[in-house]
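**Q**
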């Protein structure tokens, strides 16, 4: 999945405890291979996410607001028109040097920044890229404290 570098840095600053999504897998923890959007344009992080909190947009926005004042209205607008939203608790973040978009194009025969998520287990090419990423030297890692819940 893609992530804006600004939000990625909020994780490292201890100000972002959840990733908010309009749709996501339900009922199990997941591992997110993170492509940072421009100007970074690199696949360079792995974030372990706990089981998603699934609730009304208002309740999901309340989680965002308790974590960072002013963020609730942004999340509520993002979830507008939906019956439910997803708050994915961030449990561990690992950063690697990673691969630039041009490198990913060579490794995958073609590459476009992700617009949603891809199930890596269903794509041998992506599995190989992600395995290569996690086999490379770790640059930094953290396990943030739990954030607010619904």
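In the UniProt record's numbering, the protein residues as written are 1 to 150.
The beta-carbon is built from N, C-alpha and C at its ideal position, and this holds for glycine as well.
Between which two residues does the alpha helix (DSSP H) holding residue 129 run?
**A** Along the chain shown, read from residue 1 onward, the residue named residue 129 stands at position 129. Residues 124–135.
**Q** Quick one: which unbroken alpha helix (DSSP H) runs of 4-plus residues sit fully inside the segment 22–108? Chain order, please.
**A** Those alpha helix (DSSP H) runs which fall completely within the segment 22–108 and span 4+ residues are 57–67, 71–78 and 101–108.
**Q** Applying the criterion that 16 or more other CB atoms from any shown protein chain within 10 Å of the CB defines a buried residue, is residue 71 buried or exposed?
**A** To locate residue 71, count along the chain shown from 1; it is residue 71. Buried, by the Cβ-count rule.
**Q** Quick one: grab the DSSP three-state call for residue 2.
**A** Position 2 of the chain shown holds residue 2. In this structure, residue 2 counts as strand in the three-state DSSP scheme.
**Q** Would you mind stating whether residue 153 and residue 39 have Cβ atoms separated by less than 9 Å?
**A** Not covered by the structure: residue 153. The range shown for the chain is 1 to 150.
**Q** So is residue 132 buried or exposed if we call it buried at 16+ other beta carbons inside 10 Å?
**A** The residue labelled residue 132 in the question sits at position 132 within the chain shown. Answer is exposed; the Cβ neighbour count stays below 16.
**Q** Might you give, ordered along the chain, the residues of its own chain that have their beta carbon closer than 8 Å to the beta carbon of residue 34, omitting 5 neighbours on each side?
**A** Numbered from its first residue, the chain shown carries residue 34 at position 34. Here the set comprises 1, 2, 3, 8, 43, 44, 45, 46 and 47.
**Q** Would you report the Cα separation of residue 28 and residue 143, rounded to the nearest angstrom?
**A** Taking the chain shown and counting its residues from 1, one reaches residue 28 at position 28. Taking the chain shown and counting its residues from 1, one reaches residue 143 at position 143. About 18 Å.
**Q** Please classify residue 112: is it buried, with 16 or more other beta-carbons within 10 angstroms of its beta-carbon, or exposed?
**A** As a position in the chain shown, residue 112 is number 112, starting the count at 1. By the 10 Å Cβ count, residue 112 comes out exposed.
**Q** Got a sec? Which residues, its chain only, sit under 8 Å from residue 79 by beta carbon, not counting five neighbours each side?
**A** Along the chain shown, one-based indexing puts residue 79 at 79. Answer for residue 79: 20, 22, 57, 60, 61 and 85, listed in chain order.
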